[in-house]
Amino acid sequence: MATIPLTRRGAEKLKEELQRLKTVERHAVIQAIAEARAQGDLSENAEYDAAKDKQGFIEGRIKELEGKLAAAQVIDPSALDAGGKVVFGATVDLADEDTGAEVTYQIVGDDEADLKEGRISISSPIARALIGKMAGDVAEVQAPGGVRHWEIVEVKYL
C-alpha cells in the first residue's frame, strides 16, 4: 500500500475522529439498534433499517481511517529543511500576477484540505505547480477559468 502524506495536525484530526467513532458513535448506534429491535417486527421497522445503515457507515469509516493511519507518513512542517523550496507541508505566500491579489496556502494531504482555512491538497493543480519552486519563481496554474500565474512571495515551514 502506498504511503499517504499527512501533516502532524492532519494525523491528529484523523485519530480524534477514529476515537470518536469507536467510543461514541459506535455505542450510540448499537443502542439505537437495540431500541428498534425492542419495538417488535423488524421487517417493517424504519428505525431499525436506518440504525443498521448508520452502523454500516460507521464501521466502514472506522476501517477507512485505520487504513489511512496505518499507511500515513506523518510530516512535521516545522522540522523541514527544504532549502526554501516548496514541499509538502510548506506554507506559501503567493501573489497573482494579473490582479495582484495575495493568498497564503499550506500544502497538505487530501484528507486535510480546506480552502477556507488556507490548506490545499498536494494533488490540487496549484500545489502540483508550486512543488519544487522557490521564492521569486512564478508558477503557471491551469485553472478552470484559464491559465493563471502566481508569483511565490515567501515559503515558510510552520
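Take 1 as the starting number for the sequence shown in my numbering and just add one per residue. Note that CB positions come from ideal geometry on N, CA and C, so glycine has one too.
Strand pairing of residue i, partner residues [DSSP]
{"i": "R148", "result": "V141"}
{"i": "V108", "result": "S121"}
{"i": "T99", "result": "Paired residue(s): none; T99 is not in a bridge."}
{"i": "I4", "result": "A72"}
{"i": "E154", "result": "D93"}
Closest residue to residue i among the options (Cα-Cα distance)
{"i": "L14", "options": "A113, S43 and G100", "result": "A113"}
{"i": "T99", "options": "G60, V86 and W150", "result": "W150"}
{"i": "F88", "options": "R26, R20 and Y105", "result": "Y105"}
{"i": "E117", "options": "G10, S123 and D96", "result": "G10"}
{"i": "D93", "options": "A38, G136 and A79", "result": "G136"}
{"i": "E16", "options": "E66, L115, Q31 and I122", "result": "E66"}
{"i": "A32", "options": "A129, A50 and L18", "result": "A50"}
{"i": "Q156", "options": "R128, A101 and A82", "result": "Note on identity: in this sequence residue 156 is Lys, with Gln being the wrong assignment. With distances taken between Cα atoms, K156 lies closest to A82."}
{"i": "D111", "options": "S124, V103 and A101", "result": "S124"}
{"i": "K54", "options": "E102, A129, H27 and G146", "result": "H27"}
{"i": "L6", "options": "S121, E102 and V29", "result": "S121"}
Cutoff 8 Å; reference residue i; Cβ partners in own chain excluding five residues on either side
{"i": "A2", "result": "A71"}
{"i": "E154", "result": "V92, D93 and A135"}
{"i": "L158", "result": "P77, S78, T91 and Q106"}
{"i": "V133", "result": "Strictly speaking, residue 133 in this sequence is Lys, with Val absent from that position. Cβ neighbours of K133 beyond the five flanking positions: K85, V86, A139 and I152."}
{"i": "L21", "result": "I58, R61, I62 and L65"}
{"i": "L69", "result": "A11, L14, K15 and L18"}
Residues near residue i by beta carbon distance below 6 Å, same chain, minus five either side
{"i": "I131", "result": "V86"}
Proximal residues to residue i (C-beta, below 7 Å), its chain only, five neighbours per side dropped
{"i": "R8", "result": "V74 and D76"}
{"i": "V103", "result": "L94"}
Contact belief for residue i with residue j at Cβ below 8 Å, rounded distance in angstroms
{"i": "E25", "j": "I58", "result": "5 Å"}
{"i": "E47", "j": "A36", "result": "4 Å"}
{"i": "I126", "j": "V147", "result": "Incorrect: roughly 12 Å between the Cβ atoms, too far for contact."}
Residue-chain proximity (residue i, chain D), Cβ-Cβ < 8 Å
{"i": "G83", "result": "The structure shown has no chain D; it contains just one protein chain."}
May I have a chain-ordered list of the beta strand (DSSP E) segments no shorter than 3 residues that lie completely inside the stretch 31-93?
72-75
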